[in-house]
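Novice:
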Amino acid sequence: MLKRKTNPNKNTGIRKMGFDIKDKTVLVTGANRGIGRVIVEEAIERGARKVYAAVRETESAAPLVEEFGDRIVPIRVDLADPESITDAATQATDVDVVVNNAGVLTTCGPTDPQAFDALEFEFGVNVFGMLRVAQAFAPVLQANGGGAFVQLNSVASVKSFADLSTYCASKAASYSLTQSLRQSLADHGTHVVSVHPGPIATDMSHDAGFAEVAEPPTLVATAIFDAIAEGRFHAWPDSAAKQVGAAYGSFAENVIESSEHEHTAADNNPKENAVEEVHAV
Numbered sequence: 001m002l003k004r005k006t007n008p009n010k011n012t013g014i015r016k017m018g019f020d021i022k023d024k025t026v027l028v029t030g031a032n033r034g035i036g037r038v039i040v041e042e043a044i045e046r047g048a049r050k051v052y053a054a055v056r057e058t059e060s061a062a063p064l065v066e067e068f069g070d071r072i073v074p075i076r077v078d079l080a081d082p083e084s085i086t087d088a089a090t091q092a093t094d095v096d097v098v099v100n101n102a103g104v105l106t107t108c109g110p111t112d113p114q115a116f117d118a119l120e121f122e123f124g125v126n127v128f129g130m131l132r133v134a135q136a137f138a139p140v141l142q143a144n145g146g147g148a149f150v151q152l153n154s155v156a157s158v159k160s161f162a163d164l165s166t167y168c169a170s171k172a173a174s175y176s177l178t179q180s181l182r183q184s185l186a187d188h189g190t191h192v193v194s195v196h197p198g199p200i201a202t203d204m205s206h207d208a209g210f211a212e213v214a215e216p217p218t219l220v221a222t223a224i225f226d227a228i229a230e231g232r233f234h235a236w237p238d239s240a241a242k243q244v245g246a247a248y249g250s251f252a253e254n255v256i257e258s259s260e261h262e263h264t265a266a267d268n269n270p271k272e273n274a275v276e277e278v279h280a281v
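Read in order, the letters of the sequence shown are residues 1 to 281 in full-length UniProt numbering.
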């Protein structure tokens, strides 16, 4: 048996760290269309000094440059290409806020023959790509005094749908990692936001068959920057998401976000809150 004495205050004391993005520098992946483009527009509207439009092909960000001028800086990022992510982090060294919006979706059931290929594809972008972005930019945010890391998860992170089973699995995994990042990056002064949209009017939701119930992407952009300003972890932007969030809220507050309460207790009684972890070998 191995015993390790730990203090739950370590890496779990998370305080709200909301801030205004006015005069900040923001990076948005998947910035050229859909939700990503609207996030860029909202950041500019709220006074961001500069927005890195992180896209697979920098030419696709030309309309944003035409509209907003030199406040938009196109930068190549492909979540399936690890080198592009590390290169971007070495170029965008002034970033205060990272919004990892880019993602992929396939319609696939768990018993479909292509389920393994779909799972590998979606995990490659939605999970491994997201984690690479976090690892590349966490030191940048820390060097700039802390900031915000925003991950576009989904209602599918907490509720699976048969025809989107592999996508849901990837978003559940990215949500789990987002929770861990929230704890880890708090020590860097970086606030983490987990955004859980329902059906949003984008090409992706149209292809998945949600066009009739999809809501405007502006709801997502507003929810993101409101959550940053207010220091909230979860954001449920649209009406479908709000229903899920209301049902999930008690668990989220008392289990997922419980470390905030542990922080207060540990501050008051640091010795009493030291615990022993026992690991069997």
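Even glycine gets a Cβ: it sits at the ideal position worked out from N, Cα and C.
From G129 to G103, what distance separates their C-alpha atoms?
Specialist: Spanning the two alpha carbons is a distance of roughly 9 Å.
Novice: Let me know the secondary structure DSSP gives N126 once reduced to three states.
Specialist: Residue state, collapsed to three classes: helix.
Novice: Can you name, in chain order, every residue of its own chain whose Cβ lies under 6 Å from the Cβ of G18, other than the five neighbours on each side?
Specialist: Around G18: A229, E230, G231.
Novice: Alpha carbon to alpha carbon, how far is D226 from A274? Give it in angstroms, no decimals.
Specialist: Residue confidence is low: A274 scores 42 on pLDDT, short of 50, so the model does not pin down where it sits. No coordinate-derived value is stated.
Novice: What does the alpha-carbon distance come out to for the pair A31 and V55?
Specialist: Each residue's alpha carbon lies about 6 Å from the other.
Novice: For V40, which three-state DSSP category applies?
Specialist: Correct three-state label for V40: helix.
Novice: Could you check which residue in V95, F161, V220 has the C-alpha nearest to that of V133?
Specialist: The shortest Cα separation from V133 among V95, F161, V220 belongs to V95.
Novice: Find the nearest neighbour of P139 within the set R71, L181, F123, judged by alpha-carbon distance.
Specialist: If we check each option's Cα against that of P139, L181 comes out closest.
Novice: Could you check what DSSP says for A227 in three-state terms: helix, strand or coil?
Specialist: The answer is helix: DSSP assigns A227 an H, G or I state.
Novice: S258 to V65, Cα distance in whole Å?
Specialist: Spanning the two alpha carbons is a distance of roughly 42 Å.
Novice: In terms of residues, what are the limits of the beta strand (DSSP E) holding K159?
Specialist: From DSSP, K159 is part of no beta strand (DSSP E); its letter is neither H nor E.
Novice: Closest to K24 by CA distance: which of V99, S194, A214 is it?
Specialist: Nearest option by C-alpha distance: V99.
Novice: Between which two residues does the alpha helix (DSSP H) holding P63 run?
Specialist: Segment 62 to 68, the alpha helix (DSSP H) holding P63.
Novice: Are the beta-carbon atoms of T29 and T106 separated by less than 8 Å?
Specialist: The answer is no: Cβ separation not under 8 Å.
Novice: Using the C-alpha atoms, what's the distance from H234 back to K159?
Specialist: Each residue's Cα considered, the two are about 15 Å apart.
Novice: For S170, does the three-state DSSP call read helix, strand or coil?
Specialist: In the structure shown, S170 sits in a helix (DSSP, three-state: H, G or I).
Novice: Candidates D117, Q114, E41: which alpha carbon is nearest A221's?
Specialist: Taking only the C-alpha atoms, the option nearest A221 is E41.
Novice: Could you say which of A48, L164, Q91 lies nearest to D112 if we only look at CA atoms?
Specialist: Comparing Cα positions, the closest option is L164.
Novice: Would you call A186 buried or exposed, if buried means 16 or more other Cβ atoms sit within 10 Å of its Cβ?
Specialist: Classification for A186: buried.
Novice: Whose C-beta lies closer than 6 Å to the C-beta of V150 among residues of the same chain, with five residues either side of it excluded?
Specialist: Once the five neighbours on either side are set aside, the close Cβ partners of V150 are V99, V193, I224.
Novice: Would DSSP call Q91 helix, strand or coil?
Specialist: The answer is helix: DSSP assigns Q91 an H, G or I state.
Novice: What is the DSSP secondary structure of K50, counted as helix, strand or coil?
Specialist: DSSP places K50 in strand when its eight states are reduced to three.
Novice: Could you name the residues of the same chain whose beta carbon sits closer than 7 Å to that of N269, not counting the 5 residues immediately before and after it, in chain order?
Specialist: Residue placement at N269 is poorly supported in this model, since its pLDDT is 44, which falls under 50; the coordinates are not used for a value here.
Novice: What's the call for V77, buried or exposed, on a 16-neighbour Cβ count within 10 Å?
Specialist: Counting Cβ neighbours within 10 Å, V77 comes out buried, since at least 16 surround it.
Novice: In whole angstroms, give me the CA-to-CA distance for K22 and G47.
Specialist: One C-alpha to the other measures close to 4 Å.
Novice: With DSSP as the reference, label I72 as helix, strand or coil.
Specialist: Here I72 sits in strand by DSSP.
Novice: Exposed or buried, N254, counting other C-beta atoms within 10 Å across all chains shown (16 or more means buried)?
Specialist: Its Cβ having fewer than 16 others within 10 Å, N254 is exposed.
Novice: Consult DSSP for Q151 and reduce its assignment to one of helix, strand or coil.
Specialist: Reduced to three states, the DSSP call for Q151 is strand.
Novice: By DSSP, does M17 sit in helix, in strand, or in coil?
Specialist: Coil, per DSSP.
Novice: For G198, which residues of its own chain have a beta-carbon under 6 Å away from its beta-carbon, when the five flanking residues on both sides are left out?
Specialist: The residues are V155, D238, A240, A241.
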